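Those letters in the sequence shown? Residues 1 to 54, by full-length UniProt numbering.
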Amino acid sequence: MAIARGVKYSWLKAKTCKSIAQKGWDALKTEIEPDGNRPPNLHGHDVFGRRYVL
């Protein structure tokens, strides 16, 4: 979402960011269930190593 917003407001160049955004979307799609919901155990870590649930 941040990359899309950056391109929309011309803060970022679409040509440069397209492949980056596509890689992010492809990774996210592997974590989403076919019905569009996230699995209940989907979690991550922030830059400080703290765990969070998406």
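Cβ coordinates follow ideal geometry from the N, Cα and C atoms, glycine included.
All figures in this text were calculated on a predicted structure; none of them were measured in a lab.
Taking 8 Å as the threshold (beta carbon to beta carbon), is residue i in contact with chain C?
i   : result
I20 : Absent from the structure: chain C. Only one protein chain is present.
How would you write the range of the alpha helix (DSSP H) that residue i sits in, first residue to last?
i   : result
I20 : A14 to K29
R5  : A2 to K8
Can you tell which of the options has the C-alpha that lies nearest to the C-alpha of residue i?
i   : options              : result
G24 : M1, K8 and S10       : M1
K18 : I3, G36, I32 and G49 : I3
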